[in-house]
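A.B. asks: Sending over a structure as structure tokens; questions will come in a sec.
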Amino acid sequence: MDFDNLLEHLHDKGILEEERKKGPFTVPRAGDDPAKFTPGQLFAMLVNPFYAGILPYPALIDDETWIGVQCRLVDHYGPELVFRGQLDAFRDVMSLVKGDDEG
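Each number in my numbering comes from the position in the sequence shown (counting from 1) with 5 added on.
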């Protein structure tokens with residue numbers, strides 16, 4: 006299944022919207038089993054601006070790729086879910102940086 010088909014599947018089933026109703030999206034933690042990542046955790050990884058390089062973290066992908074992914078996500082989900090996901094991911098990572106993580 007390619008990226009766009011995956012987005013369509015998740016969108017058609019309302020999976021991300023339902024998961025977001027349960028609480029903010031969170032990024033996976035070090036040591037988490039990738040096979041057990043939730044769709045919301047994968048979404049948080051995709052919208053996480055830290056991957057594009059926010060100090061003190063180096064960029065893992067270039068700006069154009071990160072922005073392109075955000076545009077594709079907005080095309081599939083609309084801006085509200087994507088922007089909420091970006092805020093959730095940013096806040097979650099900042100809690101880790103500050104040492105507030107409980108997970």
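Ideal Cβ placement from N, Cα and C applies to all residues, glycine included.
Cβ-heavy atom distance between aspartate 7 and the ligand COA below 7 Å?
C.D. replies: With respect to the ligand COA, the structure shown offers nothing to examine, as it has no ligands at all.
A.B. asks: In or out: aspartate 93 buried (at least 16 other Cβ within 10 Å) or exposed?
C.D. replies: Classification of aspartate 93: buried, given that the 10 Å Cβ count is 16 or more.
A.B. asks: If you draw a straight line from the C-alpha of proline 44 to the C-alpha of lysine 103, how long is it?
C.D. replies: Distance between the alpha carbons of proline 44 and lysine 103 is about 25 Å.
A.B. asks: Measuring CA to CA, which of Glu22, Ser100, Phe8 is closest to glutamate 85?
C.D. replies: Nearest C-alpha to glutamate 85: Glu22.
A.B. asks: Measure from the alpha carbon of leucine 15 to the alpha carbon of each residue in Leu78, Lys27, Gly28, Phe95, then state which is nearest.
C.D. replies: That would be Leu78, whose Cα lies nearest to the Cα of leucine 15.
A.B. asks: Decide if threonine 70 is buried, meaning its Cβ has at least 16 other Cβ atoms within 10 Å, or exposed.
C.D. replies: Exposed, because fewer than 16 other Cβ atoms sit within 10 Å of the Cβ of threonine 70.
A.B. asks: Taking leucine 47 as the reference, which of Thr31, Tyr56, Tyr62 has the closest Cα?
C.D. replies: Comparing Cα positions, the closest option is Thr31.
A.B. asks: I need the straight-line Cα distance from leucine 101 to arginine 34, nearest angstrom please.
C.D. replies: Between leucine 101 and arginine 34, the C-alpha separation is close to 9 Å.
A.B. asks: Could you have a look at isoleucine 20 and say whether DSSP puts it in helix, strand or coil?
C.D. replies: Reduced to three states, the DSSP call for isoleucine 20 is helix.
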